[in-house]
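> Which chain is which? The protein sequence lines are F and B, in order.
Residue 197 in the working numbering sits at position 197 of the first sequence, with consecutive numbering throughout.
To get the working numbering, take the position in the second sequence, counting from 1, and add 1000.
Positions of the beta carbon are idealized from the N, C-alpha and C atoms, including for glycine.
Below is a structure I'd like to ask you about.
There are 2 protein chains.
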Amino acid sequence: MNRQIILANRPVGAVDSTTTTLVESPRPSCGPDQALIKVGMLSIDPTIRTWMNDAPGYLPPIGIGDVIRSSGAGVVVESNSSRYNPGDIVYGMTNWQEWVLADDQNKFTVLPQGMGLDLATVLNVLGVTGITAYFGLTDVGQFHEGDVVVVSGAAGATGSVVGQIAKARGARRVVGIAGGPEKCAEVVESYGFDDCLDYREPHLARRLHESCPEGIDVYFDNVGGEILDAALSNIAMRARVVLCGAISQYNEMKNARGVTNTSMLIMRRARMEGFIVLDYSSRFAEAQLELAGMVHAGSLVHREHLVTGLEHAPDALNLLFTGGNHGKTLVVVDEDVQLG
Amino acid sequence: MNRQIILANRPVGAVDSTTTTLVESPRPSCGPDQALIKVGMLSIDPTIRTWMNDAPGYLPPIGIGDVIRSSGAGVVVESNSSRYNPGDIVYGMTNWQEWVLADDQNKFTVLPQGMGLDLATVLNVLGVTGITAYFGLTDVGQFHEGDVVVVSGAAGATGSVVGQIAKARGARRVVGIAGGPEKCAEVVESYGFDDCLDYREPHLARRLHESCPEGIDVYFDNVGGEILDAALSNIAMRARVVLCGAISQYNEMKNARGVTNTSMLIMRRARMEGFIVLDYSSRFAEAQLELAGMVHAGSLVHREHLVTGLEHAPDALNLLFTGGNHGKTLVVVDEDVQLG
Chain F
1 MNRQIILANR
11 PVGAVDSTTT
21 TLVESPRPSC
31 GPDQALIKVG
41 MLSIDPTIRT
51 WMNDAPGYLP
61 PIGIGDVIRS
71 SGAGVVVESN
81 SSRYNPGDIV
91 YGMTNWQEWV
101 LADDQNKFTV
111 LPQGMGLDLA
121 TVLNVLGVTG
131 ITAYFGLTDV
141 GQFHEGDVVV
151 VSGAAGATGS
161 VVGQIAKARG
171 ARRVVGIAGG
181 PEKCAEVVES
191 YGFDDCLDYR
201 EPHLARRLHE
211 SCPEGIDVYF
221 DNVGGEILDA
231 ALSNIAMRAR
241 VVLCGAISQY
251 NEMKNARGVT
261 NTSMLIMRRA
271 RMEGFIVLDY
281 SSRFAEAQLE
291 LAGMVHAGSL
301 VHREHLVTGL
311 EHAPDALNLL
321 FTGGNHGKTL
331 VVVDEDVQLG
Chain B
1001 MNRQIILANR
1011 PVGAVDSTTT
1021 TLVESPRPSC
1031 GPDQALIKVG
1041 MLSIDPTIRT
1051 WMNDAPGYLP
1061 PIGIGDVIRS
1071 SGAGVVVESN
1081 SSRYNPGDIV
1091 YGMTNWQEWV
1101 LADDQNKFTV
1111 LPQGMGLDLA
1121 TVLNVLGVTG
1131 ITAYFGLTDV
1141 GQFHEGDVVV
1151 VSGAAGATGS
1161 VVGQIAKARG
1171 ARRVVGIAGG
1181 PEKCAEVVES
1191 YGFDDCLDYR
1201 EPHLARRLHE
1211 SCPEGIDVYF
1221 DNVGGEILDA
1231 ALSNIAMRAR
1241 VVLCGAISQY
1251 NEMKNARGVT
1261 NTSMLIMRRA
1271 RMEGFIVLDY
1281 SSRFAEAQLE
1291 LAGMVHAGSL
1301 VHREHLVTGL
1311 EHAPDALNLL
1321 FTGGNHGKTL
1331 VVVDEDVQLG
């Protein structure tokens, strides 16, 4: 059988027990030009929450009754396709289930083996999480040596990598924003940021000014809302504000808090720009090369938060919104699926 | 004597009788390397209102007791400078007064005579108003032939020029947003926009969708607030949102309404960018050449709203916020100052 988690009801606010249902379907059979994949690990990303809304997005909403859309990795157990061989470890849209078919409509990338990387590391820093950090900072953010960089969600999977790339490339100062003293300490001590501000404390805009008195050249935003507003009030001339995500808003689309400091974009001749990492798919190798180099050199600190059991995927998703995760959140569906 | 309007109190909301005071000072005398200018006409721009606030801006706030900062034009009546000759009609920061000195700190541009242009036209379309429209659309907005362009403040001095340049350069569709049926009719009938939506009517976002079903490629924003939000909800992929001004917000800095649709910048991989026309000063001639060509060809419709008397400058400024003006608002200080 194939255990699957489907969308039962569109959530209002956080995902709860009524949002999804665990169902059992027959294991799919491997037709011509297809490969059958046993899913090993799921990448739990904030964007999954946006796909649950019936709202315009960069992909269509997940339909009621459909398996929850998700990237992940698995092992090829049977193949009628020249693209895949049994035993290949592959990365792609596995969705929240135990078995998935690769075909022309749903292509997977074969991951390189024998490089001494474990699957969780690959799904984190060499997957879309790290690649998002790379292109958001360098391409959308037009980072230059000497820039002052501020990153929200700094203890998170993407944010922690943004700050480390910026430091490695010669940022003048890298400041994180995170939730709570423990995460702030981790951002400075583990990820090497120069400073980290706790957004749960009052007067964030003023503290940003104190930490970056000359203003922010690149602000990498993962959260939106009030924190984005506080950063906007501190941008430097010709600043680039990179909109990567708005996790503070995803659970409250109806009551999204407005950003009031857009006029700072005029005063500072600054730019705010959004992006979706999928648009960079033809350039993924460029990011992966630099990130793999940093991993091999031991200069990229990364942390994965593993949750075991397909049935816990909805709880794992909620961790992203409560701040209960530390590092990249992954769900282990089958612990035997590993890179060699 | 030199009649001057000075800032007496910082306004909260609209400028009123307590904001400014008319004072009389001695007429300045023309020192070495200076020229004495008799002011003929003032350019009344929304940005003047922002300078009255004690808030960070692209120029320092006007000090209490200082003459209100403003651009304008005048005639040189006496000159100890090789840059200016008596009789020259000059353009620069005249401020709200009858007499001003040109010197190294306050330089003026000598306007060309004998071209058959009147001073009001020059202050409107060949001055910062028209130049703002030009660079906002072409440079910040990266306008390309075939784009769908939406302009707020479309009946205003800048907005009306934005739409006409876009049409002249091959926009697929140009839609204005303006206040009230009379202005909307003017935008379509006089300025040649394809459509104009009245923001005072409900459901602006839905009406924008109906008027631009394929989405907005360039949104030129003069107003900010709710109208900016409605436009953001209708941007096309890779859209450029040009922040030129936020006139709906200038009178209510404390209660500025937040923009809630910033996540559309992510979904649509779009950019929102602010600019200040002064940054383009080295390229003004490029804009003036194209705009002068359109004026001479009779293909640029423009309208000036003249208010006579220096003492009425504060009322003229308020017209911009009440929508009581039609076209570029200018204050005639001395009607004898004219281009030959």
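Tell me the residue span of the beta strand (DSSP E) that contains F/C196.
On the first sequence, position 196 is the one that residue 196 of chain F refers to. Segment D195 to D198, the beta strand (DSSP E) holding F/C196.
> Name, please, each residue of chain F whose Cβ falls closer than 8 Å to the Cβ of B/L1243.
Position 243 of the second sequence, counted from the start, is the residue given in the question as residue 1243 of chain B. Per Cβ cutoff of 8 Å: T262, S263, L265 and I266.
> Check whether the stretch 230-238 of chain F and the stretch 1227-1234 of chain B touch, using three or more Cβ-Cβ pairs below 8 Å as the test.
Judged by Cβ distances under 8 Å, the stretch 230-238 of chain F makes no contact with the stretch 1227-1234 of chain B, as fewer than three pairs qualify.
> Check each candidate in F/A155, F/K167, F/V110 and F/L123 and name the one with the smallest Cα separation from F/L137.
Within the first sequence, numbered from 1, the residue matching residue 137 of chain F stands at position 137. Checking every option, the nearest Cα to that of F/L137 belongs to F/K167.
> Please state whether the Cβ-Cβ distance between F/M93 and F/G72 is less than 9 Å.
As a working mapping, residue 93 of chain F is identified with position 93 in the first sequence. As a working mapping, residue 72 of chain F is identified with position 72 in the first sequence. In this structure, F/G72 lies closer than 9 Å to F/M93 by Cβ.
> With a cut-off of 8 Å on the beta carbons, I'd call B/G1340 and B/G1114 a contact; round off their distance for me.
By 1-based counting over the second sequence, the position of residue 1340 of chain B is 340. By 1-based counting over the second sequence, the position of residue 1114 of chain B is 114. With 8 Å as the limit, B/G1340 and B/G1114 qualify as a contact, their Cβ atoms being about 6 Å apart.
> List the residues of chain B that F/P56 touches, going by C-beta distances under 7 Å, in chain order.
As a working mapping, residue 56 of chain F is identified with position 56 in the first sequence. Chain B residues near F/P56: M1267.
> Distance, Cα to Cα, B/S1081 vs B/L1119?
Working through the second sequence from its first residue, we reach residue 1081 of chain B at position 81. Working through the second sequence from its first residue, we reach residue 1119 of chain B at position 119. Using only the alpha carbons, I get a separation of about 23 Å.
> Can at least three beta-carbon pairs, one atom from the stretch 1260-1280 of chain B and one from the stretch 1192-1204 of chain B, be found at a separation below 8 Å?
With the cut-off at 8 Å, the stretch 1260-1280 of chain B and the stretch 1192-1204 of chain B do not touch.
> Does the beta carbon of F/Q142 come closer than 9 Å to any beta carbon on chain B?
Here residue 142 of chain F corresponds to residue number 142 of the first sequence, with the count starting at 1. No, F/Q142 lies away from the interface with chain B (no Cβ there is under 9 Å from its Cβ).
> Please identify the residue among B/Y1134, B/N1106, B/Q1097 and B/D1217 whose C-alpha is closest to the C-alpha of B/I1165.
As a position in the second sequence, residue 1165 of chain B is number 165, starting the count at 1. Considering only alpha carbons, the answer is B/Y1134.
> For F/V259, which residues in chain B fall below 9 Å Cβ to Cβ?
Within the first sequence, numbered from 1, the residue matching residue 259 of chain F stands at position 259. By Cβ distance, chain B contributes G1258, V1259, T1260 and T1262.
> Which word fits B/S1211, buried or exposed, when buried means at least 16 other C-beta atoms lie within 10 angstroms of its C-beta?
Translated into the one-based positions of the second sequence, residue 1211 of chain B becomes position 211. Looking at its Cβ environment, which holds 16 or more other Cβ atoms inside 10 Å, B/S1211 is buried.
> At 7 Å on the CB atoms, spell out the chain B contacts of F/D279, in chain order.
Residue 279 of chain F sits at position 279 when you count from the first residue of the first sequence. What F/D279 touches in chain B: R1269.
> Could one say the Cβ of B/I1276 lies closer than 9 Å to chain F's Cβ atoms, at least one of them?
As a working note, residue 1276 of chain B is residue 276 in the second sequence. Cβ-Cβ to chain F under 9 Å: yes for B/I1276.
> With 16 as the cutoff for other CB atoms within 10 Å, does F/V331 come out buried or exposed?
As a position in the first sequence, residue 331 of chain F is number 331, starting the count at 1. It counts as buried.
> Between the stretch 148-168 of chain F and chain D, which residues of the former have CB atoms less than 9 Å from a CB of the latter, in chain order?
Within the model displayed, chain D is absent; protein chains F and B are what it includes.
> Following the continuous alpha helix (DSSP H) through B/T1322, name the residue where it begins and the one where it ends.
Taking the first residue of the second sequence as position 1, residue 1322 of chain B is located at position 322. Per DSSP, B/T1322 belongs to the alpha helix (DSSP H) from A1313 to T1322.
> What's the call for B/Q1034, buried or exposed, on a 16-neighbour Cβ count within 10 Å?
Here the question's residue 1034 of chain B lines up with position 34 in the second sequence. Buried, because 16 or more other Cβ atoms sit within 10 Å of the Cβ of B/Q1034.
> Just verifying my parser: in three-state terms, what is the DSSP assignment at B/E1304?
Your numbering for residue 1304 of chain B matches position 304 in the second sequence. B/E1304 falls in the strand class under three-state DSSP.
> Could you check if F/M272 is buried or exposed, using at least 16 other CB atoms within 10 Å of its CB as the buried criterion?
The residue you call residue 272 of chain F lines up with position 272 of the first sequence. That one is buried.
> Have a look at the DSSP bridge pairing and note the partners of F/R269.
Position 269 of the first sequence, counting from 1, holds the residue named residue 269 of chain F. Bridge partners of F/R269: none, in fact.
> Per the DSSP calculation, F/S29 is bridged to which residue(s)?
Counting from 1 along the first sequence, the entry for residue 29 of chain F is found at position 29. Partner(s): none; F/S29 has no beta bridge.
> Report the rounded CA-to-CA distance for B/G1224 versus F/E98, giving the unit in angstroms.
One-based indexing of the second sequence puts residue 1224 of chain B at position 224. One-based indexing of the first sequence puts residue 98 of chain F at position 98. Rounded to whole angstroms, B/G1224 to F/E98 spans 49 Å at the Cα level.
> Taking only runs of the beta strand (DSSP E) that begin and end inside the stretch 127-158 of chain F, which ones reach a length of at least 3 residues, in chain order?
Fully enclosed beta strand (DSSP E) runs of 3 or longer: 148-152.
> Would you mind stating whether B/L1243 and B/P1046 have Cβ atoms separated by less than 9 Å?
To locate residue 1243 of chain B, count along the second sequence from 1; it is residue 243. To locate residue 1046 of chain B, count along the second sequence from 1; it is residue 46. No; because the gap between Cβ atoms is not below 9 Å, this pair is not in contact.
> DSSP three-state call for B/W1051: helix, strand or coil?
In the second sequence, counting from the first residue as 1, residue 1051 of chain B sits at position 51. Three-state result, B/W1051: helix.
> Let me confirm a value: B/M1001 is counted as buried when at least 16 other C-beta atoms fall within 10 Å, else exposed. Which label applies?
Taking the first residue of the second sequence as 1, we reach residue 1001 of chain B at position 1. Counting Cβ neighbours within 10 Å, B/M1001 comes out exposed, since fewer than 16 surround it.
> Along chain F, in chain order, which residues have C-beta atoms closer than 7 Å to that of B/G1224?
The count along the second sequence starts at 1 and reaches residue 1224 of chain B at position 224. By Cβ distance, chain F contributes T262 and S263.
> At 9 Å on the CB atoms, spell out the chain B contacts of F/A246, in chain order.
What you label residue 246 of chain F is simply residue 246 of the first sequence in a count that begins at 1. Within 9 Å Cβ-Cβ: T1262, S1263 and I1266.
> When you compare only the Cα positions, how much space is there between F/T20 and F/I6?
Here residue 20 of chain F is taken as the residue at index 20 of the first sequence, counted from 1. Here residue 6 of chain F is taken as the residue at index 6 of the first sequence, counted from 1. Using only the alpha carbons, I get a separation of about 5 Å.
> Of the choices B/N1095, B/T1050, B/R1069 and B/I1044, whose alpha-carbon is the least far from that of B/V1012?
In the second sequence, counting from the first residue as 1, residue 1012 of chain B sits at position 12. The shortest Cα separation from B/V1012 among B/N1095, B/T1050, B/R1069 and B/I1044 belongs to B/T1050.
> Grab the span of the beta strand (DSSP E) containing F/M237 for me, first residue to last.
Walking along the first sequence from the start, residue 237 of chain F turns up at place 237. Here the beta strand (DSSP E) through F/M237 covers I235 to L243.
> Chain F partners of B/E1210, CB-CB under 9 Å?
Position 210 of the second sequence, counted from the first residue, corresponds to residue 1210 of chain B. Result: empty, since nearest Cβ-Cβ is about 16 Å, beyond 9 Å.
> Name the chain B residues whose beta carbon is nearer than 9 Å to that of F/E214?
Stepping through the first sequence from its first residue, residue 214 of chain F is reached at position 214. Simply none; closest approach about 14 Å.
> Quick check on this structure: which residue in F/E145, F/V39, F/E186 and F/G159 has the alpha carbon closest to the alpha carbon of F/G170?
Here residue 170 of chain F refers to the residue found at position 170 when the first sequence is read from its first residue. Ranking F/E145, F/V39, F/E186 and F/G159 by Cα distance to F/G170 puts F/E145 first.
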